[in-house]
Structure formats: structure tokens, C-alpha cells
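Undergrad: Here you go, one structure.
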Amino acid sequence: MNTADKIRTPADADRWRRRQQGRVVFTNGVFDLLHVGHVTLLEAARREGDALAVGVNSDASVRRLAKGADRPLVPEGDRARLLAALACVDCVVLFDEDTPLALIERLRPDVLVKGADYARDAIVGADQVEAWGGRVVRVPLASGYSTTRLLERLRRADDA
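Shown next as C-alpha cells:
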């Protein structure tokens, strides 16, 4: 499969989801500068089920998240394409809302995964997933990896 074919609209992702026979896992994020921490989370998420769907914040959504005036650094289409190229990712869906709740409700994943830096009650969609019998999994973070930290290091090196 061409990895670009893994990038789906919400409607296409819904059709993809209905064809899945096993447990579908969902996670989401900005994924601005793909790094080892992201890959560690995505691989752990995929181990929780049979297929992994990843919701990716659109550029407009990222700007509303106040990640910084210069964010995202990487345009949404490129971020989606990089994620789709990963073997552990089966479906990538851009979402324009402030949270992935509508996408979670549409796809009804069996497992919702977020990094352990999120408290259970701060995970968008957790109540809904558990209400339909799914699980919420918090994955330990890979120590020392974050896009914000990477950008800080790059800026310091640029100032030197």
C-alpha cells in the first residue's frame, strides 16, 4: 500500500474503521517534529490492538493550541505523510477541531492511548471510550524527548 493511501478524511476513516475486524487503537497529537518520543508512543499504542488510527491536529488547530507563534513548523500534509510512512500506523486523519472528541466518537476505537503526561481525567474522549466498553491506556514517555525541548535546543544553538 502506498503510505499516502493511509491518510484519510474523517468519512473515509469511518469506512476504514467499519472494515476492521480486530481491536482498533486511537491516539492523537500535533506531531510537529517527529522524534523518538513520538515513535515510542506510536509503537506502544499499536501493540494495544490490531490497527492504529492517528488523529493529527490541522495547522489551524495547532495555532489555536497556542504552541507558539511559529508552530506548526511542519505543514499538516507533511506531518500526516510522515506518520503514514510508519509501519505501526494504519490510518491517519487530520482534524480541525480544538480536540479530537468528534473523531473519537465517529471512529469508536476499542483503545484510546495517550502519553502518561496526561492525567486520566484530562484525556479527551476517555469517558466516551470507556462508556462503550473500551480501554484508556497511558503510555510512559520516552525520557528527554519533546518537540518543545528540541526547539529550545535548536534556538540556543542558533543564538550561540
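All residue numbers for the sequence shown refer to this note's numbering, where the first residue is 1374 and numbers rise by one.
C-beta: ideal position from N, C-alpha, C; glycine also.
1) Which same chain residues end up closer than 6 Å to V1403 when comparing Cβ atoms and leaving out the 5 residues on each side of it in sequence?
2) To the nearest angstrom, how far is it from the Cα of L1406 to the Cα of R1444?
3) Between L1459, R1420, A1453 and L1455, which has its C-alpha nearest D1483's C-alpha?
4) Measuring CB to CB, does V1486 end up less than 7 Å from V1398?
5) Could you check what DSSP says for L1407 in three-state terms: helix, strand or coil?
6) Enumerate, from N- to C-terminal direction, the unbroken alpha helix (DSSP H) stretches of 4 or more residues contained entirely within the segment 1409-1496.
TA: Well, looking at it:
1) Hits under 6 Å: N1430 and V1435.
2) Taking the straight line joining both Cα atoms gives about 10 Å.
3) Checked all of L1459, R1420, A1453 and L1455; the closest Cα to D1483 is R1420.
4) Yes.
5) The answer is coil: DSSP assigns L1407 none of H, G, I, E or B.
6) With a minimum length of 4 residues, the continuous alpha helix (DSSP H) runs that stay inside the segment 1409-1496 are 1409-1419, 1432-1437, 1449-1457 and 1474-1480.
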